[in-house]
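Residues 123 to 328 (the working numbering) are what the sequence shown spells out, left to right.
What follows is a set of notes on a single structure, which appears directly below.
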Amino acid sequence: MSLLVVGSIAFDSVETPTERRDNVIGGSATYFSYAASYFTKVNLVGVVGGDWPDAHTQLLEDRNVDTAGLVKVDSEKTFNWTGKYLPNMNDRETLDVNLNVFGTFDPVLPESYKSTPYVFLANGMPAIQMRVLDQVESPKLVVADTMDLWINEHRDSLLELLKRIDGLVLNDSEAKLLTGHENLISAAKAVLDLGVSFVVLKKGEH
Numbered sequence: 123m124s125l126l127v128v129g130s131i132a133f134d135s136v137e138t139p140t141e142r143r144d145n146v147i148g149g150s151a152t153y154f155s156y157a158a159s160y161f162t163k164v165n166l167v168g169v170v171g172g173d174w175p176d177a178h179t180q181l182l183e184d185r186n187v188d189t190a191g192l193v194k195v196d197s198e199k200t201f202n203w204t205g206k207y208l209p210n211m212n213d214r215e216t217l218d219v220n221l222n223v224f225g226t227f228d229p230v231l232p233e234s235y236k237s238t239p240y241v242f243l244a245n246g247m248p249a250i251q252m253r254v255l256d257q258v259e260s261p262k263l264v265v266a267d268t269m270d271l272w273i274n275e276h277r278d279s280l281l282e283l284l285k286r287i288d289g290l291v292l293n294d295s296e297a298k299l300l301t302g303h304e305n306l307i308s309a310a311k312a313v314l315d316l317g318v319s320f321v322v323l324k325k326g327e328h
């Protein structure tokens, strides 16, 4: 069994009520690939800038993550996200987003990746996530991740995406934002009504 992961690879600057860390390894695709590599073969597709250290790529390769689909554009900078977690460690504010090279990311899957049976569309622009779906060949399962930025600025594309995937992963505040429901059970049911077969709600304080 193998797993295709496509999406954001980033530098994150994160502020919590007690600490702040700048330019740490971030990105949904990065962390999902690393974690999934403990259980299966991972094929990673993403884009980084010239400021991305080779050591970070090596970290993934050391976990047997296939990086043939990772493109490095030396003339650009890597996607950068800055966020602040509120005192409840559950709600999060996006303070700054610099898409940089990720803003023009047009994923092209290596031929050997197209028949991967399981697909995780890590956090990214919904239109880009749909371009990945146009390239894969009859996957058994497709799950996508999203965030507040895409819900606020690309809602129509996101709603179109939800009709083409099996499952959606998002945190509780994103579920409330997407559906307008404060109650998490009601929010989850509303997400199901948008077209997916299942939804995973992450609760940050836990």
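A virtual CB, placed ideally from N, CA and C, is assigned to each residue, including glycine.
Quick caveat: nothing in here was measured; it's all calculated off a predicted structure.
How far does the alpha helix (DSSP H) with residue 324 in it reach, from first residue to last?
Here residue 324 refers to the residue found at position 202 of the sequence shown. Unbroken run through residue 324 is the beta strand (DSSP E), 320 to 324; no alpha helix (DSSP H).
Please state whether DSSP places residue 147 in a helix, a strand or coil.
On the sequence shown, residue 147 is found 25 positions in, with the first residue counted as 1. Looking at residue 147 - three-state DSSP - the assignment turns out to be strand.
Among the residues of its own chain, which have a CB less than 7 Å from the CB of residue 313, if the five just before and after it don't count?
Position 191 of the sequence shown, counted from the first residue, corresponds to residue 313. The residues are 290, 297, 300, 301, 321.
To the nearest angstrom, report how far apart residue 237 and residue 159 are at their CA atoms.
Within the sequence shown, residue 237 is the residue found at index 115, counting from 1. Within the sequence shown, residue 159 is the residue found at index 37, counting from 1. Distance between the alpha carbons of residue 237 and residue 159 is about 18 Å.
Is it buried or exposed, residue 144, if we count other Cβ atoms within 10 angstroms and call 16 or more buried?
For the purposes of this step, residue 144 is taken as the residue at position 22 of the sequence shown. Flag for residue 144 reads exposed.
What residue ranges within the region 249 to 295 form continuous alpha helix (DSSP H) runs of no fewer than 4 residues, ordered along the chain?
Taking only runs of at least 4 residues, the alpha helix (DSSP H) segments lying wholly in the region 249 to 295 are 270 to 275, 277 to 284.
Where does residue 221 fall in DSSP's three states?
If you number the sequence shown from 1, residue 221 lands on position 99. Three-state result, residue 221: coil.
Would you check whether the ligand MG has a heavy atom nearer than 7 Å to the C-beta of residue 258?
Looking at this structure, you won't find the ligand MG or any other ligand, since it has none at all.
Among 307, 166, 273, which residue has its Cα nearest to the Cα of residue 194?
Translated into the one-based positions of the sequence shown, residue 194 becomes position 72. Among 307, 166, 273, the Cα nearest to that of residue 194 is on 166.
Determine contact between the region 127 to 135 and the region 199 to 216, defined as no fewer than three beta-carbon pairs at a distance below 8 Å.
As far as the Cβ criterion goes, the region 127 to 135 touches the region 199 to 216, which means the pair count is three or higher.
If you drop the 5 nearest sequence neighbours on each side, which residues of the same chain put their C-beta closer than 6 Å to that of residue 218?
As a position in the sequence shown, residue 218 is number 96, starting the count at 1. Closer than 6 Å at the Cβ level, and outside the excluded window around residue 218, lie 204.
Kindly give me the distance between the Cβ atoms of residue 248 and residue 279, rounded to whole angstroms, as I take these residues to be in contact under 8 Å.
The sequence position of residue 248 within the sequence shown is 126, counting from 1. The sequence position of residue 279 within the sequence shown is 157, counting from 1. The pair is a contact, with the Cβ atoms about 4 Å apart (cut-off 8 Å).
Since residue 153 sits in a beta bridge, which residues does DSSP pair it with?
If you number the sequence shown from 1, residue 153 lands on position 31. Bridge partners of residue 153: none, in fact.
Could you tell me the boundaries of the alpha helix (DSSP H) in which residue 182 lies?
By one-based count along the sequence shown, residue 182 stands at place 60. Residues 176 to 183.
So, at 7 Å on beta carbons, what are the nonlocal neighbours of residue 319 in its own chain, with the 5 sequence-adjacent residues on each side left out?
Sequence index remark: in the sequence shown, residue 319 carries index 197 (1-based). Closer than 7 Å at Cβ, skipping near neighbours: 288, 289.
Starting from residue 313, follow the alpha helix (DSSP H) in both directions and report where the run begins and ends.
Numbered from its first residue, the sequence shown carries residue 313 at position 191. Taken as a continuous stretch (DSSP letters only), the alpha helix (DSSP H) holding residue 313 covers 306 to 314.
Opposite residue 135 in the DSSP bridges: which residues?
The count along the sequence shown starts at 1 and reaches residue 135 at position 13. Answer is 204, bridged to residue 135.
Candidates 308, 123, 163, 169: which alpha carbon is nearest residue 225's?
Against the sequence shown, residue 225 aligns to sequence position 103. Of the listed residues, the one whose Cα sits closest to residue 225 is 169.
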